[in-house]
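Trainee: Following this message is one structure expressed as structure tokens.
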Amino acid sequence: MLDKGYEPHSVEQKWYEYWEKEGLFAAVEADDRPAFSIVIPPPNVTGVLHMGHALNNTLQDILCRYRRLKGDNVLWMPGTDHAGIATQNVVERQLTAQGQDRHKLGREKFIEAVWQWRTESGSAIINQLKRLGASCDWPRERFTMDEGLSRAVRTVFVRLYEEGLIYRGLYITNWCPRCRTALSDLEVEHEELDGHLYHIRYPFSQGKGGLVVATTRPETMLGDTAVATHPEDPRYRQLPAESVRLPLMDRDIPIIRDDYVDRAFGTGALKVTPAHDPNDFEIGRRHNLPSIKVIDDDGRMGADAGRFQGMDRFACRDAVVAALREQGLLVRMDPHKHGVGHCYRCKSVVEPNLSQQWFVKVKPLAEPAIAAVQSGRTRIVPESWAKTYYDWMFNIKDWCISRQIWWGHQIPAWTCQSCSELIVAMQAPAQCTQCGGSDLVQETDVLDTWFSSALWPFSTMGWPDRTPLLKTFYPTAVLVTGFDILFFWVARMMMMGIHFMGEVPFKDVYVHALVRDEEGKKMSKSKGNVIDPLNVIEVYGTDAFRYTLAAFAAQGRDIKLSEKRVEGYRHFINKLWNAARFALMHLDNGYDRIDTAHLTLPDRWILARLAHTIRQVTAALDEYRFNEAAGAAYQFVWHEFCDWYVEAAKPALYDENHPQEREAARQVLWTVLRDILVLLHPFAPFVTEEIWEKLPGTQGSIMRATFPEPQNTLDAPAFAEAESEMTLVMEIVTAIRTIRGEMNISPAAKLSVTIQAPDAAVRAAIDAHQAIIVNLARLDGLKTDEHGERSPTAATAIVAGMSLQVELKGVIDFAQEVQRLEKELGKLNKDLNAINNKLHNDSFLAKAPPEVVAEVRGKQAVLSEKQGKLNVTVERIRAFVGH
RNA sequence: AGGCACGUAGCUCAGGGGGAGAGCGCUACCCUGACACGGUAGAAGUCCGCGGUUCAAAUCCGCGCGUGCCUACCA
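Our numbering puts the first residue of the first sequence at 53, with every later residue one more than the last.
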């Protein structure tokens, strides 16, 4: 006998350990079964499990467990990401706390410290994934800094370099002065901020007057090397001079003409700072302008900033503005909103900065990646995300892959100190390929973490070796991910996968929602609105939490999560537990067949509903409609199995006089419960395993069970008949209960009911299932009459065209009964009006499909019959009371 | 500036050309032999607004309003 309520804690731990110990998550390298593989989006080693991880991994686990039950050879490849900047930041903070810093420590010692940190605290998130029930093939766990993956990274780098798809050069990139590294365009978060548009006068070098330029970043003027106007701007065609005197720096800079300049913006005169603005950089190249870098890599003003040297860039802005104002050169200062880039790791304001960096030429890689989605070799689900993918891919720009940090894959490039030859190779070369010199210095930069993540689907499977694992599991079946890393990760995996494997990395990409708080805001530590998934698991249990996530994972909509909702699904898990508790009281052994000759109506009905539910859940999971799958199973378990079947089957289960029916009911109860457990297992793995163990007739783990197929225990007409007869029974029961409720009759009172059923077949059906109705509606008698006298002291309901009378003898309150019936009539009249209007509309009759017209006519007949009967009833009561 | 979602019961959301749905909450009654983490019944919505297409629109189209998000080099 099970406990009265489900207690998740001990159960979860017990079963997870068992599954791992038994190797139930293990993929088989080579196998006859269909292969199904997923690579996990590797969480950062620095990470702790948040709601995004919880949702992402719950969905993957549902798919993996489902496919295993379906008989597939499943590989769920786990691992973590070395998260270059984030991890380096964490360890640096630690050093700072110890009064250390990485420069004092030196590169080698620092890297050692990071590895040590990873050993000590880097796998916290893996254990948290286990609490979630994630059925990853853990012995295969990988890390982007593993030796194997590092070899993959070097291989890719060298090959892309040799193919001319990686180059090095001096360009403007996004620079984070706090992290002291370049960032890719994607790693910059733009935020609209209130700033100012400063109008500054640059006096002509000769003669009077000058040009007024407009800028949002006046401190960059110190590095100006030109002023540009549009070639066709009449205001600036004729000027007294060809150069202006740059204020504060006292340097002449040329006035140039370039059609990049927008005549409508500001004054139509643009200051040009090639070292600190990407557009100015381009203009500078076109006009051979010098680049003067005035802001150093630490965000302070540099040696070329004149008297402002050493000043912080923001302090310098104020100082420059003050100085200009003093000299009467600040013409205007208008409030101005503009997008300011911030580092996605540390939120510092990013500085466009000129530096030597490495880039991937992306266009040639992007084209096949676009084609793969267009041709359907990779399918993006929901499809609307494909557009976002295309938009980005079509406008893609080269990818800056070098980072000026230490933690990461050091770029495999060496420079000869004697002849400056650049050598890119898998291993450190012994001597220079050009001059034979042996003084070679390796590039100190490391690669963007996403560079190694881009290889994840094949590097984790052993590439560049041609492993059996790759042969069996690449391409993977589906990638499950949030849209926030569609560009960062998915697009880049597509490019790399196609380029190096010759085949897309995944057949499907399922893009899921973001988890937000109950007000729809993004969860963030600073807002203090985060819900810790581990805390939720602690309070409500993993199964309830997972079920909640699945039930709310509708495609294309964010999930607003509150604990209240998880509580609701905890009730569901408990309901399942108690249904099993009931079933186990009646089951001593398992069954491999059902005695169809002795099935009662509820037996046949629940088998029909079960088959229907299996189809629904299967279809929904096959199309990543997790919420529908979870919803269909929930509805079936609670509102069909528990609410109706278990109650309706009780008479048969307790009836010792009909052993064959009793046995048949047990067979059905066992079969339906078994299928429910397997059906629910992907969503609620722990409770289903626990019940499975207790259920007689099951062997081993539920993970080795077979996902139910819609069984044709009965033929289709028998199923259909069972559904319609049971529907009639349920309608009758509900009608009686409604009268009981509305007439305030105690649930304990046994009632006597008469149904006037002119149709002999219907009468026979009701008579046949009398016991069920009597039991469910708590009656002491149910009679059917062909016509019969209508009792004046009964409350009436119309069910399926029949008049149903609940005898209330002395207790009936006639006024109340009339009121009740009139309310019912009111509703009916409204419906009937709408239908009659339709039927009086000639164009409806002419143009609507005949089956629709027939349907409406059918409804009309049913409703008007009901209306007639209710009217008669009301009249009769009035007449009776009048006596 | 462009793009993409979304606006349905008090709350959170499914649905999606032919009778408005669920969960939670609310009201009433009930510890009925699995379950009070429960049962039975009930109340509750101009499906954001305005036009259009259609025999028929919550559903399709257009416009507007509102709310999110993403992308973007106008200094």
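Note that CB positions come from ideal geometry on N, CA and C, so glycine has one too.
Buried or exposed: which applies to GLN258, given that a residue is buried once 16 or more other Cβ atoms fall within 10 Å of its Cβ?
Mentor: With fewer than 16 other Cβ atoms within 10 Å, it is exposed.
Trainee: Return the Cβ separation of LYS918 and LEU880 in integer angstroms, given the expectation that the two are a contact with Cβ distance under 8 Å.
Mentor: With a Cβ gap of about 6 Å, LYS918 and LEU880 count as contacting.
Trainee: Quick one, which of VAL402, PRO255, ARG756 has its alpha-carbon nearest VAL126's?
Mentor: Selected option, being the one with the closest Cα: ARG756.
Trainee: Based on Cα-Cα distance, which residue from VAL730, ALA817, LYS523, PRO95 lies nearest to VAL80?
Mentor: It is LYS523 whose Cα lies nearest to the Cα of VAL80.
Trainee: Quick one: is HIS242 buried, meaning 16 or more other Cβ sit within 10 Å of its Cβ, or exposed?
Mentor: With fewer than 16 other Cβ atoms within 10 Å, it is exposed.
Trainee: Please report how far the alpha carbon of VAL914 lies from the alpha carbon of GLU69, in whole angstroms.
Mentor: Their backbone Cα atoms lie some 59 Å apart in a straight line.
Trainee: In angstroms with no decimal places, state the Cα-to-Cα distance between SER895 and ASN888.
Mentor: Near 14 Å, if we compare the C-alpha coordinates of ASN888 and SER895.
Trainee: So which of LEU249, GLU708, ILE218 has the shortest CA-CA distance to ASP386?
Mentor: For ASP386, the nearest C-alpha among the options comes from LEU249.
Trainee: Measuring CB to CB, does ALA696 end up less than 9 Å from TRP657?
Mentor: The sequence shown places Trp at residue 696, rather than the Ala named in the question. Yes, the pair counts as a contact, with Cβ atoms nearer than the cut-off.
Trainee: Tell me which same chain residues have a C-beta within less than 7 Å of the C-beta of VAL730, skipping the five on either side of it?
Mentor: Excluding residues within five positions, the ones whose Cβ falls inside 7 Å are LEU121, ILE754, ALA757, PHE759, PRO760.
Trainee: Going by the CB atoms, is the gap between ALA704 and LEU111 shorter than 9 Å?
Mentor: Their beta carbons are not under 9 Å apart, which means LEU111 does not touch ALA704 by this criterion.
Trainee: Alpha carbon to alpha carbon, how far is PHE510 from MET363? Give it in angstroms, no decimals.
Mentor: Going from the Cα of MET363 to the Cα of PHE510 covers about 48 Å.
Trainee: Taking a contact to mean a Cβ-Cβ separation below 9 Å, would you say ILE218 touches ASP276 in this structure?
Mentor: No, they are not a contact pair.
Trainee: Could I get the ranges of all uninterrupted beta strand (DSSP E) runs contained in the region 800-845, with 3 residues as the minimum, in chain order?
Mentor: Entirely contained in the region 800-845, the beta strand (DSSP E) runs reaching 3 residues are, in chain order, 803-808, 831-837.
Trainee: If we count the other Cβ atoms within 10 Å of its Cβ and call it buried at 16 or more, is MET197 buried or exposed?
Mentor: When all chains shown are included, MET197 counts as buried.
Trainee: Between which two residues does the alpha helix (DSSP H) containing GLN146 stretch?
Mentor: Where GLN146 is concerned, the enclosing alpha helix (DSSP H) stretches over 136-149.
Trainee: On the CB-based measure, 16 or more other CB atoms within 10 Å of its CB, does GLN857 come out buried or exposed?
Mentor: Its Cβ being crowded by 16 or more others within 10 Å, GLN857 is buried.
Trainee: If you draw a straight line from the alpha carbon of VAL414 to that of HIS551, how long is it in whole angstroms?
Mentor: Roughly 11 Å separates the two Cα atoms.
Trainee: Let me make sure I understand the geometry here. Which of ARG117, ARG170, PRO130, ARG119 has the alpha-carbon closest to that of VAL143?
Mentor: For the residues ARG117, ARG170, PRO130, ARG119, the minimum Cα distance to VAL143 belongs to ARG170.
Trainee: Under 9 Å between the Cβ atoms of ILE589 and LEU181?
Mentor: It is not a contact, given that the beta carbons lie outside the stated cut-off.
Trainee: Contact defined as beta carbons within less than 8 Å: I believe GLU72 pairs with TRP190. What is the distance between those atoms, to the nearest angstrom?
Mentor: Their Cβ separation, rounded to whole angstroms, is 7 Å, which keeps GLU72 and TRP190 in contact under 8 Å.
Trainee: List the endpoints of the continuous alpha helix (DSSP H) containing SER173.
Mentor: SER173 -> alpha helix (DSSP H) spans 159-173.
Trainee: Please confirm if the region 625-634 is in contact with the region 732-746, defined as three or more CB-CB distances below 8 Å between the two stretches.
Mentor: Short answer: they touch.
Trainee: Going residue by residue through the region 576-648, where are the continuous alpha helix (DSSP H) segments of at least 4 residues, counting only ones entirely within it?
Mentor: For the region 576-648, whole alpha helix (DSSP H) runs of length 4 or above, ordered along the chain, are 585-592, 594-604, 615-638.
Trainee: From ALA421, CYS452, LEU382, GLN456, pick the residue whose C-alpha is nearest to that of ASP443; which is it?
Mentor: If we check each option's Cα against that of ASP443, ALA421 comes out closest.
Trainee: Can you tell me which of GLY549, LEU417, ARG661, LEU531 puts its alpha carbon nearest to the alpha carbon of SER776?
Mentor: Checked all of GLY549, LEU417, ARG661, LEU531; the closest Cα to SER776 is ARG661.
Trainee: Drop a sphere of 10 angstroms on the beta-carbon of LYS102, count the other beta-carbons inside from all chains shown, and report buried for 16 or more, exposed for fewer.
Mentor: According to the sequence as given, residue 102 is His; it is not Lys. By the 10 Å Cβ count, HIS102 comes out buried.
Trainee: Restricting to Cα atoms, I'd like to know which of SER470, LEU499, THR496, VAL498 is closest to THR485.
Mentor: Residue SER470 is the option with its Cα nearest to THR485.
Trainee: Please go through the same chain and pick out, in chain order, the residues whose beta-carbon is closer than 6 Å to the beta-carbon of ILE666, but skip the five residues on each side of it.
Mentor: Only PRO760, PRO762 meet the Cβ criterion.
Trainee: In three-state DSSP terms, what is CYS471?
Mentor: Residue state, collapsed to three classes: coil.
Trainee: From which residue to which residue does the beta strand (DSSP E) around THR26 run?
Mentor: In the structure displayed, the chain extends from 53 to 935; residue 26 sits before or after that span and is not available.
Trainee: Which partner residues of GLU244 appear in the DSSP bridge assignment?
Mentor: Looking at the DSSP assignment, GLU244 forms a beta bridge with GLY391.
Trainee: Would the beta-carbon of VAL372 fall within 9 Å of that of GLU435?
Mentor: Cβ atoms of VAL372 and GLU435: not closer than 9 Å.
Trainee: I think ILE90 touches CYS116, with their Cβ atoms under 8 Å apart; what is that distance to the nearest whole Å?
Mentor: With a Cβ gap of about 6 Å, ILE90 and CYS116 count as contacting.
Trainee: Would you report the Cα separation of LYS323 and ARG315, rounded to the nearest angstrom?
Mentor: Their backbone Cα atoms lie some 13 Å apart in a straight line.
Trainee: Strictly by DSSP, which residues pair up with ARG756?
Mentor: Partner(s): none; ARG756 has no beta bridge.
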